[in-house]
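Numbering (the UniProt record's numbering), first residue to last: 1 to 433.
A quick write-up on the structure given underneath.
Written out as structure tokens, the structure reads:
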């Protein structure tokens, strides 16, 4: 079956508790597959850091109900346990944790922030448990419990409900993990995480009722699962670069997996540190990330910027989203007002703003790109603090060999567009040959 860990709202500690459970299972040598509900890029990086396995996203808005089901069954085909981290509150959002729980037939354990609760915890838990009979809330985890007396009050309040308490976590400052404007800081940017990993493992091993959790987490997958994405066609070997460093690291695991499955060789390339793109690279994917935090060193990479600008003019197939779009622009104006020149491949100036642009989007392309045809719709997600200064700059910009947009797309949900991009890469490769 498997288990979904849900929050009664955002910020209750479900990511920390998810990581603690994963750390404990991993320390015991168990094979566990984690997932993340929704479009988040950062929590899956922490999951991967703990388990050593990719963490696929389960999002019916960016893909489909069928894709989410197939994705879950595919990735749990060779593991013993499955743990899904929810998004926001249990019933929040168009692709909610509750919706995914119903779709996959998973039980739910609710994480409750008890920091300012005592007897009222019973009303809260009862409300969540009864709100939708098709969403089985089978247990709760009491988080941020202050003392033994506080624990007694909480447990006494919950006792009449018959709700199983599967864990209790006290307030622990050593488990604090820093955040910034787009969420948690990726583990690749943190130094000396060993103490934090040990604290997670200790929390996971000592604060939960594993005799209750293990049967809930256990999966019984059989047969030979097939990938959830539709097969892609390439006629000859392709080598595509993927920008990957502190400035660019927002990628869904399935996006890279489906390319590998099609036979594409991925070349991980750092705009911050690598030499200019090798001549044998036939395509480039520039994902999102934090170019605004690395604008100065990126701007100083003149050889890389000039080479990339020239390669794009020569017809290199490029897919860029959000941070990648900003990088390809002429200038990035950071929050202190400094203007940093960047690639200059597209006529765009971006500026950091104080307000977040966030949400699912359905965009109709007004021109042809290497990813989408004019008039075709694409579903994606926006999550950024920058905006284009240029008036009337299109939501999707590009050409026959370029696609650039603020919209993050899950490639498992748009196979036609992915095939269009690969066809473009193949055409360019054939011309070189």
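C-beta atoms are modelled at their ideal positions from N, C-alpha and C, and glycine is treated no differently.
Cβ contact annotation for residue 340 (same chain, cutoff 8 Å, sequence separation greater than five): 295, 296, 298, 299, 331, 332, 333, 334, in chain order. Contact annotation: residue 166 and residue 141 have beta-carbon atoms nearer than 9 Å.
Comparing C-alpha distances from residue 102 to each of 365, 86, 272 shows the shortest one belongs to 86.
With contacts defined by Cβ atoms closer than 9 Å, residue 83 and residue 2 form a contacting pair. Under the DSSP assignment, residue 45 falls in the alpha helix (DSSP H) whose first and last residues are 42-51. In the three-state scheme derived from DSSP, where H, G and I count as helix and E and B as strand, residue 155 is classed as helix. Under the three-state reduction of DSSP output, residue 63 falls in the coil class, being neither helix nor strand.
For residue 153, the closest C-alpha among the options 127, 355, 248, 118 is that of 118. In terms of Cβ geometry, residue 382 and residue 361 form a close pair [threshold 9 Å]. For residue 102, no beta strand (DSSP E) segment is defined; the enclosing uninterrupted segment is the alpha helix (DSSP H) at 97-104.
Restricting attention to 81, 263, 279, the CA atom closest to the CA of residue 218 is found in 81. Beta bridge pairing from DSSP links residue 352 with 386.
Residues 199, 203 of the same chain have their beta carbon placed closer than 8 Å to that of residue 172, with the five preceding and five following residues left out of the count. With contacts defined as CB atoms closer than 9 Å, residue 379 and residue 344 fail to qualify as a contacting pair.
Look at residue 118 here: in three-state DSSP terms it is coil, with no helix or strand label.
Separation of residue 41 and residue 374 (C-alpha to C-alpha, rounded to the nearest whole angstrom) is 28 Å. Closest option to residue 266, judged by alpha-carbon separation, among 32, 244, 250, 130: 244. Minimum Cα-Cα distance from residue 275 among the listed residues 255, 303, 106, 22 corresponds to 303.
Between the segment 315-325 and the segment 285-294, the count of C-beta pairs closer than 8 Å reaches three or more; the two stretches touch.
For residue 296, no beta strand (DSSP E) run applies; the uninterrupted alpha helix (DSSP H) run containing it begins and ends at 295-299, by DSSP.
For the segment 314-358, the full-length alpha helix (DSSP H) segments reaching 4 residues or more read 323-328 along the chain.
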